[in-house]
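Written out below as structure tokens is the structure these notes cover.
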Amino acid sequence: MKRRIASDEELPQEKWLVAFRNPGGSVFVRQFLAPGYYEAYDVVMSHAEKMHLEVLWFLEKRKSGQYMNTNYPELGGKCVWCNRKFGSEPVPCSNEDCEFEFCSRKCMFEHVHNKH
Ligand SMILES: [Zn+2]
Ligand SMILES: [Zn+2]
Numbered sequence: 011m012k013r014r015i016a017s018d019e020e021l022p023q024e025k026w027l028v029a030f031r032n033p034g035g036s037v038f039v040r041q042f043l044a045p046g047y048y049e050a051y052d053v054v055m056s057h058a059e060k061m062h063l064e065v066l067w068f069l070e071k072r073k074s075g076q077y078m079n080t081n082y083p084e085l086g087g088k089c090v091w092c093n094r095k096f097g098s099e100p101v102p103c104s105n106e107d108c109e110f111e112f113c114s115r116k117c118m119f120e121h122v123h124n125k126h
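The numbers in this note's numbering rise by one with no breaks, and the one at position 27 of the sequence shown is 37.
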């Protein structure tokens with residue numbers, strides 16, 4: 011997934027947060043790296059198009075205040091239980107204090123059973 015452009019000086023990467031709504035109506039937040047606003051916009055829009063998601067907002071993580079201390083899953087990340095890549099509708103952990111998301115309810119239940 012990672013594309014690298016050969017260059018002597020790499021632009022510093024900022025952490026960004028993006029909130030999507032999936033076709034089922036649930037909202038979830040992802041983080042990703044991009045050097046600037048336009049790059050971030052490209053990342054957000056192409057991901058939204060590919061996964062058929064609605065973009066609610068995106069912003070630089072260090073400017074996000076209330077969201078700052080939370081570690082969100084990476085955009086296009088993997089299920090923390092089975093390591094499969096996420097589809098468009100991740101299953102959030104049923105424990106309210108837990109930020110993990112899963113590829114399926116089966117993985118979520120096994121994680122809850124083992125970790126909570
Ligand atoms: Zn899984
Ligand atoms: Zn959990």
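Glycine included, C-beta positions come from ideal geometry on N, C-alpha and C.
Source: prediction; values computed, not measured.
Name the residue from Trp26, Leu63, Pro22 and Tyr47 whose alpha carbon lies nearest to the alpha carbon of Gly75.
-> Trp26
With respect to the alpha helix (DSSP H) encompassing Lys116, which residues constitute its N-terminal and C-terminal limits?
-> Arg115 to Lys125
What's the C-alpha gap between Lys71 and Asp107?
-> 20 Å
Go through its chain and collect everything with a Cβ distance to Met78's Cβ below 8 Å, but skip five positions before and after it.
-> Lys71 and Arg72
DSSP-derived helix/strand/coil call for Arg72 | helix
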